[in-house]
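Chains as they are written, first to last, in the working numbering: chain A, 1 to 294; chain B, 1001 to 1260.
From the three backbone atoms N, C-alpha and C, an ideal C-beta is built for every residue, glycine too.
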Amino acid sequence: MKISYYPGCTLKTKAKNLDRAAIASLEALGVEVEEIDRWNCCGAVYSLTADDLIHMVGPVRNLIRAKEQGADKLVTLCSMCYNTLARANQLMREDTVKRDTINRFMDDEIDYAGEVEVVHYLSFLEQEIGWEKLKEAVKAPLSDLKVGTYYGCTLQRPADVGIEPFGSYLLMTGMLEALGATVVPFAAADKCCGSYQVLGAEPVENSAAAAVINIAGGAGIEALATSCPLCEYNLGKQQKQLLAKEKIGAPVPTYYFTQLLALALGLEAEVCHFELNDAASLELLKSKNCLAAA
Amino acid sequence: MCDTTKTPKVATGDRAILPEGARTIPIFVMGKKYEVPETLTIMKAMEFAGFRFLRGAGCRGGICGACPTVYRMAGDYKLHFGLACQTVVEANMYLAQIPFFPANRASFKLEEMEGVAETIHALYPELFRCVACNLCTKACPMDVDVLGYVSAMKQGNIEKAARISFDCIQCGLCASRCMGEIPQYHAAQLARRIFARYIQPQAEHLKNRVMEIEGGKYDPMLDELSGMKKEDLEARYVAREREPDLAAAGTWQPKDTSHL
Ligand code: FES
């Protein structure tokens, strides 16, 4: 099986760990990953101003690239990329007037009307591989690892592009359970990580990230799994600082879900690029025998 | 399909004289109409019309980037771009020269920086104002995929940015059209420099030759020549061993190979 893949800028730079582990895992599962040619930034944040069509041009151009290259599905991974691409796609499918305006502005491209389907990596795993088959492919089960599925904001919102209904965490839970992990529910799985707020200020008293980490820790979660580089930045990169400032009681190691997937599939720890995770504990993974291949 | 009955539109050298039998066509330079021979480039046509280029012309060979032109054809909304020294005039072209477009160039010391994309991001944070409108690519007279290299820089792929932007002649038309106000061509130049210095493997033979030269291998020869009397030097020059004209590449060697 071959899929068209849209990585996104961050996955090529700061979040290589999310990207490399994802690609290696799919290859281990027998899926050929083909990065679309000549892609650009997804737009990062979907513009909510109704007539701000210029910010649709970036995501739509990527979808056009996929259509041009013969793809009917475009798999993507980063929660933000998924959100902007899926929402722009929805606009191109449903709003004929805006679609026409955008197509006419992009007179250097073929016309686009939402022919490509934007699919999140987790949905792809469930639909095309399935949890049973995934379970069979596991070489180093994440037994005894208590994981929290941290969805953040953009995987489920808004409802019409969410990868699953708001408040359910079936996809990541299904994947993690197939990998042998124990999924522990917690009350902050869909709370905001603090988004870009952290860039303007030091972590503050009511830090959103601190609240998520504390709730997860309190629920007995040993590892948080996320799909979003911005969430990882707030929960992972900032975690030492939050700890030093006593905003959180105890650390909760944070991983990308693709890193846990790669490890369970028995891939070398190198493909996970743990050096890029500030709050991923290798000790924890070792103590749970999750670093079997290393 | 090729229409052979039409006079072929080719540039006629570098002198603005009306070639025999050439038709003239109307063009509009900064809104004023001129009748010019249809075979000329924009640059020669403007000179034919009486303009003189003190700036905004350099190589006249399509490589220095001094002569970008922006034009529209009467009745068509599309904006076109070209190099005045390369683009042949067409009837009812409305044109103007944009010999320079202001765009900030960051200052940096290549030897002191790191060969990573973050360096480019820090010096040109405007890159992240790109909305992928692609007007830069449409404006490029060299057909460079400007959006492609801007995207490559954002994706941290310096090599890709360097390779895509290789044909850039720094004319600045991309920057003139950018709604994100990005100085694309300066950022691309930085990407190529970083690529050449930190990423591209150095050619062994070049490195060795530079070491030899710096080690003084050729100094005694130079000293000998510069110490000679003029007549002796002339005699030596005339008597020098020369590679025969039209010798196939790599077939000839001098008798004394000790200096190679
Ligand atoms: S004069 Fe140098 S590119 Fe035209």
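{"Asked": "Exposure label - D1143 of chain B; buried when at least 16 CB within 10 Å", "Found": "exposed"}
{"Asked": "Residues in the segment 104 to 133 of chain A having any Cβ partner in chain B nearer than 7 Å", "Found": "D108"}
{"Asked": "Where the segment 1150 to 1165 of chain B meets chain A: residues whose CB sits under 7 Å from a CB there", "Found": "S1151, K1154, Q1155, G1156, N1157"}
{"Asked": "Rounded C-alpha distance that separates S4 of chain A from Q1170 of chain B", "Found": "35 Å"}
{"Asked": "Where V57 of chain A meets chain B, residues with beta-carbon distance less than 7 Å", "Found": "V1131, A1132, C1133"}
{"Asked": "DSSP state of H1080 of chain B mapped onto helix, strand, coil", "Found": "strand"}
{"Asked": "Within chain B, partners of C41 of chain A - CB distance below 7 Å", "Found": "C1130, A1132, S1151, K1154"}
{"Asked": "Element boundaries [alpha helix (DSSP H), containing K135 of chain A]", "Found": "131 to 137"}
{"Asked": "Endpoints, the alpha helix (DSSP H) within which K12 of chain A is located", "Found": "9 to 12"}
{"Asked": "Closer than 7 Å to chain A by CB, G1148 of chain B", "Found": "yes"}
{"Asked": "Neighbouring residues (CB closer than 7 Å to any heavy atom of the ligand FES)", "Found": "B:M1043, B:A1057, B:G1058, B:C1059, B:R1060, B:G1061, B:G1062, B:I1063, B:C1064, B:G1065, B:A1066, B:C1067, B:L1083, B:A1084, B:C1085, B:Q1086, B:I1169"}
{"Asked": "Candidates A:G236, A:F105, A:E68, A:A250, of which the one nearest V198 of chain A by Cα", "Found": "A:G236"}
{"Asked": "K67 of chain A versus D37 of chain A - alpha carbon distance", "Found": "11 Å"}
{"Asked": "Simplified DSSP assignment, three categories, for D1003 of chain B", "Found": "In this prediction, D1003 of chain B scores a pLDDT of 44, lower than 50, which makes its location untrustworthy; the coordinate-derived value is nonetheless stated afterwards. Coil."}
{"Asked": "Neighbour flag for K98 of chain A against chain B, beta carbons, 7 Å", "Found": "no"}
{"Asked": "Length-filtered (3 minimum) beta strand (DSSP E) runs lying within the segment 175 to 251 of chain A", "Found": "223 to 226"}
{"Asked": "Chain-ordered residues of the segment 1095 to 1128 of chain B with a beta carbon less than 7 Å from chain A", "Found": "A1117"}
{"Asked": "Where Q1253 of chain B falls: helix, strand or coil (DSSP)", "Found": "coil"}
{"Asked": "Short CB-CB distance (under 7 Å) between T13 of chain A and chain B", "Found": "yes"}
{"Asked": "Chain-ordered chain A contacts of K1044 of chain B [CB-CB under 9 Å]", "Found": "Per Cβ cutoff of 9 Å: no residues; K1044 of chain B is ~30 Å from chain A at best."}
{"Asked": "Any 3 or more C-beta pairs closer than 8 Å across the segment 1104 to 1122 of chain B and the segment 1088 to 1096 of chain B", "Found": "no"}
{"Asked": "Test: I54 of chain A CB closer than 7 Å to a CB of chain B", "Found": "yes"}
{"Asked": "Meets three-Cβ-pair contact criterion under 8 Å: the segment 85 to 99 of chain A and the segment 56 to 67 of chain A", "Found": "yes"}
{"Asked": "Delimiting residues of the alpha helix (DSSP H) encompassing P1026 of chain B", "Found": "Unbroken run through P1026 of chain B is the beta strand (DSSP E), 1024 to 1029; no alpha helix (DSSP H)."}
{"Asked": "Helix, strand or coil at V45 of chain A [DSSP, three-state]", "Found": "coil"}
{"Asked": "A1187 of chain B versus B:E1212, B:G1148, B:D1223, residue with shortest Cα-Cα distance", "Found": "B:G1148"}
{"Asked": "Any C-beta of chain B under 7 Å from that of R61 of chain A", "Found": "yes"}
{"Asked": "Distance between beta carbons of C1130 of chain B and I1182 of chain B, contact taken as under 8 Å", "Found": "6 Å"}
{"Asked": "Beta-carbon separation (whole angstroms), T1024 of chain B vs T1087 of chain B, contact threshold 8 Å", "Found": "T1024 of chain B to T1087 of chain B, Cβ: 17 Å. No contact."}
{"Asked": "CB-CB length for L282 of chain A against F274 of chain A, believed under 8 Å", "Found": "6 Å"}
{"Asked": "Residues that R65 of chain A contacts on chain B, provided the C-beta gap is smaller than 9 Å", "Found": "Those within 9 Å of R65 of chain A in chain B number zero; the least Cβ separation is about 11 Å."}
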